[in-house]
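> Here it is, the structure, as structure tokens.
2 protein chains.
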Amino acid sequence: MSVRALASALPMMEWARLYHRDTLASDLVAAVIVTIMLIPQSLAYASLAGLPPEVGLYASIAPLLLYAVFGTSRVLAVGPVAVVSLMTATAIGEHAAIGSAQYGTIAITLAFLSGTMLLLMGLLRLGFLASFLSHPVISGFITASALLIAAGQLKVILGVKIEGQHFFELVWGLISQLGKVHITTAAIGLSMVAFLFWARRGLKPLLLSWGLPTRLADALAKAGPVAGIAVSAVLTWFFEWHQTGVRIVGSVPAGLPPLSWPQWDMALWKELAVPALLISVVGFVESVSVGQTLAAKRRQRIEPDRELVALGASNVGAALTGGFPVTGGFARSVVNFDAGAQTPAAGAFTAVGILLAALLLTPALYYVPQATLSATIVVAVLSLVDLRILRITWAYSRADFSAVLVTLLVTLAAGVEAGLIAGVVLSLMLYLFKTSRPHIAEVGLVPGTEHFRNVLRHKVRVSPHLASLRVDESLYFANARVLEDRVNALVAERPQLAHLVLQCSAINDIDASALESLEAIHQRLSDAGVRLHLSEVKGPVMDRLQKTDFLMHLNGQVYLSHFQAVSDLAPEMVN
Amino acid sequence: MSVRALASALPMMEWARLYHRDTLASDLVAAVIVTIMLIPQSLAYASLAGLPPEVGLYASIAPLLLYAVFGTSRVLAVGPVAVVSLMTATAIGEHAAIGSAQYGTIAITLAFLSGTMLLLMGLLRLGFLASFLSHPVISGFITASALLIAAGQLKVILGVKIEGQHFFELVWGLISQLGKVHITTAAIGLSMVAFLFWARRGLKPLLLSWGLPTRLADALAKAGPVAGIAVSAVLTWFFEWHQTGVRIVGSVPAGLPPLSWPQWDMALWKELAVPALLISVVGFVESVSVGQTLAAKRRQRIEPDRELVALGASNVGAALTGGFPVTGGFARSVVNFDAGAQTPAAGAFTAVGILLAALLLTPALYYVPQATLSATIVVAVLSLVDLRILRITWAYSRADFSAVLVTLLVTLAAGVEAGLIAGVVLSLMLYLFKTSRPHIAEVGLVPGTEHFRNVLRHKVRVSPHLASLRVDESLYFANARVLEDRVNALVAERPQLAHLVLQCSAINDIDASALESLEAIHQRLSDAGVRLHLSEVKGPVMDRLQKTDFLMHLNGQVYLSHFQAVSDLAPEMVN
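These protein sequences, in sequence, are chains A and B. Under my numbering, read the first sequence as residues 1 to 575, first letter to last. Under my numbering, read the second sequence as residues 1001 to 1575, first letter to last.
Below, the structure is given as structure tokens:
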């Protein structure tokens, strides 16, 4: 195997060969910053997924290492992510109770299935399938998921217990339980939320005003959330708030990630198949869009089909080391990028950092209040809420607006899986509906030019003997009959008609149904004494028509340009 | 209500006002011929649907009358039809045993539901929905249904008993039961098949050679099947074949169609909803294509949305008079057309003829062997088998071929409902797949012209500073990323690139996702120091873009023609 072949098999070879001391320094600095940020995030997302905190650390080690080997993005950081964690909780919730051993096993199985699907999709080059998730559907879904997560975490922050998973149930539960709020918990949680919101904008200027150098201020500002969590833990320990009912993380087992294995249970796999697929697709879409955005800033590229393989390997890695479904996260990848990571080695160094945390740092997590972790989640996900998309799509296109709205509402009211499926199905149906009613314009000659325009919009020349129709859509089964109807109507209205010319400049394809329709149109026109002509037929369409009898039987001609057709058939229009 | 408004509400007013003696004569002659043909067909299709023979007569009376009032085709004959009868048998078979009272009630309920759906679709103008059944799917479905019907009737003709409904089960059953064939039944049935095949071509020439006038020979030839059935009944009576185990029609109650009522059982309705919808759509498609073909021959038109209402009324009529689902049949409509029917009054006269048959003729049906009825079905449906469509679509387009093949095989192997659904879903997926991978050509200037062509196919002029891409598809969510990838690849390859021009002549729509992709492309090009321009943007697309910020932020220009863009941006290419 040549070096080139190996590099093509393993993207890491591309950057590993050129690795030098400067790159190492940049990558190490980035790794330290990202490690500090990832520790609380990993704990928080594990609890969002309904799993013990150490699982969040485990899920951030093997996936990062595997992505470093297989990934094509230089800066993507793979690990637990908010929306995927919520989807994980939803999927497992139907099969096991939070806290049970079975819950953890199903999380591992889900990561394994999702990883296998991603690997298969990558090997079969099915990355394009993700594009059937339209931007409106993704926007609606992410916003709804973020609201759903925030509402779910709010009950932890307020220290109340609520049954129910859907948004409106959660909101109603919060309102009706307001009297039972646990005051200390709420005080801790809400101050943390306030601190985090302030820290985003206010911390760095404050540190700078204290005279700290920019680079240090920057790094410390990023460590703000960690400092906040540390302070809340110290206060809880000192005032013994956990004795008054404030829930804390408690003892987290220290040690290496365990070797784990999915549950080989076909009935379970069958039930997890749809959630695993949805998790795979959502994770892939999130990861690729982050990766592409960051790669473009350095004029680099990522390869979606190889990203599938890398994410697949990461998830299988997560499954084998006691983790749960992971993907490339926006927040951590941006931090990695801003911190100057040059190669995926930065990710590998981060993995080592988190491994050290899992080995040494877990006792320090004992007194961390659950409410502060929830606060970090709420602040993180609220930045994902984007309701402007409703206004933007409303102005741009009603179809896109409906896709956003339906995805948003169904996700809120019936959960992530139903919402995503409803959005995809609706957006495909709207697209098909649109293409099934193509714009067909009757065109006439703009005097003094060779241009043809819609007779309803422009002053153009027409002839009673010749009609020109321009179809603004590829012809396929769902819209072929529309053209038939239009031609039938035209012929019934114009007794003097002798020629019909179809201007085909916007017809990118004609399928077998549309061809049969054209033959039917041709037959009916023949029966009625009208000749059918085509103009401006595209190369690939013409190639295919030439394989059929249609052109042979055609009683009219195929013209290169529409002007040529009209000059020939109705010279009185041209002169 | 003015006459015009009434005519628009009831299509019959259009022809009824102009009715005169010549039209009456033509219609009466046509009615007599069609009545003779319809009697055995109605019996046969009732037995195909698993219903007693008289139900076939009932289903041919009220529907014909109602279609005469509401229909827009002058010659369509509505009644029991082979494929719809098979679908009816399949749908009822899951809920009741053949011969039970419940079976008949469900048939009535199915006709009622199907009629109501057709009426609603007509009132909501949803006729276009039928176009989502592509020609390949319909062809595959009709051929498979015909084979399925023929195999099912062959067991009656051979007098064997076979469990199983699917084609391969039936064929295997026939082969394994060949030793148990009932010889007399098989002799009657197979001679009838042979006679019918011969009668189609041979009977008229024979009658003419006997010196009969053409018109009479024509009419008698059409009565051939009826004569065959009569002869088989007389022979059965004379030789008492029914005593040896030949199954005969037996006593058919004489009388008017009964008043009947669907079963008001929501649970049943829910289970019948999908079959009723499929029956409605298939019936509508069959009826409309027959109606359109015949109308066009006389330069008449039919209106699909009003056809829905007419077929809906016909089916509700069938439900209220002890019938089962009906639609406009090909064979009988063509006979009606050829026999010179001028208006739907011919249909009304046919209804009277069949009513007389139901009142007076039923004793004559006693000795008709079931095998001869099955023989008429086999001969009728085998003319629907069209396997050439496989060869034709194979040559034309692999996507269309797969749609035919999958519909055909799934219908044969898993039944009519599964086959139809598989075909529709597959053809939509193939279409979406095709549009998700649009043809994107890099184009260059054909020297000495203002035309631009694919750089890979033609000798054209290009510039290292300017790239021209032509996208041959509307941009929407499923293909937007393809353009992003293509542009990313292009920019990564061409360090000297300063301008990218998208030629938009074949872009009929840009949805919100594609707009976001364009914005992302624009952002990445800006980051890379490349300017993005558009040329030949269509009016409706431009209208919509002008509602957005995109054009305002665009770092390039929008040119009317691509030539203009290139002259401006890379004048060295033009000179």
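Don't be surprised by glycine CBs; every beta carbon is placed ideally from N, CA and C. For clarity, every value in this text was computed on a predicted model and none was experimentally measured.
#1: Determine the extent of the alpha helix (DSSP H) in which residue 1142 of chain B is found, giving its start and end residues.
#2: Return yes when the Cβ of residue 1260 of chain B is within less than 7 Å of the Cβ of residue 1067 of chain B, no when it is not.
#3: Exposed or buried, which one is residue 1113 of chain B when buried takes at least 16 other CB atoms within 10 Å?
#4: Check residue 1451 of chain B in the structure and name its three-state DSSP category.
#5: What is the residue span of the beta strand (DSSP E) that residue 442 of chain A lies within?
#6: Would you list, in sequence order, the uninterrupted alpha helix (DSSP H) runs of no fewer than 4 residues that lie entirely inside the stretch 1492-1527 of chain B?
#7: May I have the straight-line CA-CA distance separating residue 1397 of chain B from residue 517 of chain A, to the nearest angstrom?
#8: Go to residue 467 of chain A, then tell me how far its beta strand (DSSP E) extends in each direction, as first and last residue.
#9: Tell me whether residue 1086 of chain B, by its Cβ, gets closer than 6 Å to a heavy atom of the ligand COA.
#10: Closer than 8 Å between beta carbons: that is the criterion. Which residues of the stretch 144-175 of chain A meet it against chain B?
#11: Any beta carbon of chain A sitting closer than 7 Å to that of residue 1559 of chain B?
#12: Could you give the distance in angstroms between the alpha-carbon of residue 166 of chain A and the alpha-carbon of residue 150 of chain A?
#13: Quick one: give me the first and last residue of the alpha helix (DSSP H) that residue 436 of chain A is part of.
#14: Return the residues of the stretch 525-554 of chain A that lie within a Cβ-Cβ distance of less than 8 Å from chain B, sorted by chain order.
#15: Just tell me which of B/1033, B/1073, B/1061, B/1403 has its CA closest to the CA of residue 1014 of chain B.
#16: Check the C-beta distance from residue 1055 of chain B over to residue 1046 of chain B and give it rounded, since I have them as a contact under 8 Å.
#17: Output yes or no for whether 7 Å exceeds the beta carbon distance between residue 1374 of chain B and residue 1083 of chain B.
#18: Roughly how many angstroms lie between the CA atoms of residue 116 of chain A and residue 169 of chain A, to the nearest whole one?
#19: So if I threshold CB-CB distances at 8 Å, which residues from the stretch 1495-1515 of chain B count as touching chain A?
#20: Apart from the five residues on each side of it in sequence, which residues of its chain come closer than 7 Å, Cβ to Cβ, to residue 1038 of chain B?
#21: Per DSSP, residue 1328 of chain B forms a beta bridge with which residues?
#22: For the beta strand (DSSP E) containing residue 1562 of chain B, list its first residue and its last residue.
#23: Output the boundary residues of the beta strand (DSSP E) element that contains residue 235 of chain A.
#24: Leaving out the 5 sequence neighbours to the left and right, which residues in its chain are closer than 8 Å to residue 1458 of chain B when beta-carbon positions are compared?
#25: Might you give, ordered along the chain, the residues of its own chain that have their beta carbon closer than 7 Å to the beta carbon of residue 1379 of chain B, omitting 5 neighbours on each side?
#26: List the residues of chain A that residue 1439 of chain B touches, going by C-beta distances under 8 Å, in chain order.
#27: In whole angstroms, what separates the C-alpha of residue 85 of chain A from that of residue 385 of chain A?
#28: Using a C-beta to C-beta distance shorter than 7 Å, which residues of chain B count as neighbours of residue 428 of chain A?
#29: Three-state secondary structure (DSSP) at residue 1540 of chain B?
#30: Please go through the same chain and pick out, in chain order, the residues whose beta-carbon is closer than 8 Å to the beta-carbon of residue 1130 of chain B, but skip the five residues on each side of it.
#31: What are the start and end residues of the beta strand (DSSP E) that includes residue 533 of chain A?
#32: If we cut at 7 Å on Cβ distances, does residue 1001 of chain B have a partner in chain A?
#33: Please list the residues of the stretch 446-460 of chain A that have a C-beta atom closer than 7 Å to any C-beta atom in chain B, keeping them in chain order.
#34: Going by CA-CA distance only, name the one from B/1530, B/1483, B/1479, B/1036 that's closest to residue 1499 of chain B.
#35: Excluding five sequence neighbours on each side, which residues of the same chain lie with their C-beta closer than 8 Å to the C-beta of residue 1520 of chain B?
#36: Using CA coordinates, which residue listed in B/1548, B/1268, B/1108, B/1209 is at the minimum distance from residue 1321 of chain B?
Well, looking at it:
#1: Stepping through the second sequence from its first residue, residue 1142 of chain B is reached at position 142. Taken as a continuous stretch (DSSP letters only), the alpha helix (DSSP H) holding residue 1142 of chain B covers 1135-1158.
#2: The count along the second sequence starts at 1 and reaches residue 1067 of chain B at position 67. The count along the second sequence starts at 1 and reaches residue 1260 of chain B at position 260. Cβ atoms of residue 1067 of chain B and residue 1260 of chain B: not closer than 7 Å.
#3: The residue given as residue 1113 of chain B occupies position 113 in the second sequence. It is buried - the Cβ of residue 1113 of chain B has at least 16 other Cβ atoms within 10 Å.
#4: Translated into the one-based positions of the second sequence, residue 1451 of chain B becomes position 451. Coil.
#5: Reading the first sequence from its first residue, position 442 is the one you call residue 442 of chain A. Residue 442 of chain A -> beta strand (DSSP E) spans 440-445.
#6: 1512-1527
#7: What you label residue 1397 of chain B is simply residue 397 of the second sequence in a count that begins at 1. What you label residue 517 of chain A is simply residue 517 of the first sequence in a count that begins at 1. Spanning the two alpha carbons is a distance of roughly 16 Å.
#8: Taking the first sequence and counting its residues from 1, one reaches residue 467 of chain A at position 467. Per DSSP, residue 467 of chain A belongs to the beta strand (DSSP E) from 466-471.
#9: Because no ligand of any kind appears in the structure shown, any question about the ligand COA cannot be addressed here.
#10: For the stretch 144-175 of chain A, which is checked against every Cβ of chain B, not one residue is closer than 8 Å.
#11: For the purposes of this step, residue 1559 of chain B is taken as residue 559 along the second sequence, with counting starting at 1. Closer than 7 Å: no.
#12: Along the first sequence, read from residue 1 onward, the residue named residue 166 of chain A stands at position 166. Along the first sequence, read from residue 1 onward, the residue named residue 150 of chain A stands at position 150. Their backbone Cα atoms lie some 12 Å apart in a straight line.
#13: Numbered from 1 along the first sequence, position 436 holds the residue referred to as residue 436 of chain A. For residue 436 of chain A, the enclosing alpha helix (DSSP H) covers residues 416-436.
#14: Residues passing the 8 Å Cβ filter: 527, 528, 538, 539, 540, 544, 547, 548.
#15: Position 14 of the second sequence holds residue 1014 of chain B. It is B/1073 whose Cα lies nearest to the Cα of residue 1014 of chain B.
#16: Walking along the second sequence from the start, residue 1055 of chain B turns up at place 55. Walking along the second sequence from the start, residue 1046 of chain B turns up at place 46. With a Cβ gap of about 5 Å, residue 1055 of chain B and residue 1046 of chain B count as contacting.
#17: Position 374 of the second sequence, counted from the start, is the residue given in the question as residue 1374 of chain B. Position 83 of the second sequence, counted from the start, is the residue given in the question as residue 1083 of chain B. No.
#18: Taking the first residue of the first sequence as position 1, residue 116 of chain A is located at position 116. Taking the first residue of the first sequence as position 1, residue 169 of chain A is located at position 169. Each residue's alpha carbon lies about 35 Å from the other.
#19: 1505, 1506, 1508, 1509, 1511, 1512, 1513, 1515
#20: Translated into positions along the second sequence, residue 1038 of chain B becomes position 38. 1060, 1079, 1332, 1350, 1354, listed in sequence order.
#21: Position 328 of the second sequence, counted from the start, is the residue given in the question as residue 1328 of chain B. BP columns for residue 1328 of chain B point to B/1078.
#22: The sequence position of residue 1562 of chain B within the second sequence is 562, counting from 1. Per DSSP, residue 1562 of chain B belongs to no beta strand (DSSP E); it is in the alpha helix (DSSP H), 1562-1569.
#23: By 1-based counting over the first sequence, the position of residue 235 of chain A is 235. No beta strand (DSSP E) holds residue 235 of chain A; the alpha helix (DSSP H) holding it covers 224-239.
#24: The residue given as residue 1458 of chain B occupies position 458 in the second sequence. Answer for residue 1458 of chain B: 1444, 1446, listed in chain order.
#25: The residue you call residue 1379 of chain B lines up with position 379 of the second sequence. Taken in chain order, the residues that qualify are 1193, 1196, 1197.
#26: Against the second sequence, residue 1439 of chain B aligns to sequence position 439. In chain order: 508, 540.
#27: Counted from its first residue, the first sequence places residue 85 of chain A at position 85. Counted from its first residue, the first sequence places residue 385 of chain A at position 385. Separation of residue 85 of chain A and residue 385 of chain A (C-alpha to C-alpha, rounded to the nearest whole angstrom) is 17 Å.
#28: As a first step, residue 428 of chain A is located in the first sequence; it is residue number 428 there, counting from the start. Going along chain B in sequence order, the residues near residue 428 of chain A (Cβ under 7 Å) are 1432.
#29: Position 540 of the second sequence holds residue 1540 of chain B. In the structure shown, residue 1540 of chain B sits in a helix (DSSP, three-state: H, G or I).
#30: Position 130 of the second sequence holds residue 1130 of chain B. Contacts found: 1281, 1284, 1285, 1288, 1304.
#31: Position 533 of the first sequence holds residue 533 of chain A. Looking at the DSSP string, the run of the beta strand (DSSP E) that includes residue 533 of chain A is 531-535.
#32: Sequence index remark: in the second sequence, residue 1001 of chain B carries index 1 (1-based). Confidence is the limiting factor: at residue 1001 of chain B the pLDDT is only 45, short of 50, which leaves the residue's position unreliable, though a coordinate-based value still follows. Chain A, which has no Cβ nearer than 7 Å to the Cβ of residue 1001 of chain B, makes this no.
#33: Listed by position, the residues of the stretch 446-460 of chain A near chain B (Cβ gap below 7 Å) amount to none.
#34: Counting from one through the second sequence, the residue named residue 1499 of chain B turns up at place 499. Comparing Cα positions, the closest option is B/1530.
#35: In the second sequence, counting from the first residue as 1, residue 1520 of chain B sits at position 520. Correct list, in chain order: 1484.
#36: Within the second sequence, numbered from 1, the residue matching residue 1321 of chain B stands at position 321. Out of B/1548, B/1268, B/1108, B/1209, B/1108 has the C-alpha closest to the C-alpha of residue 1321 of chain B.
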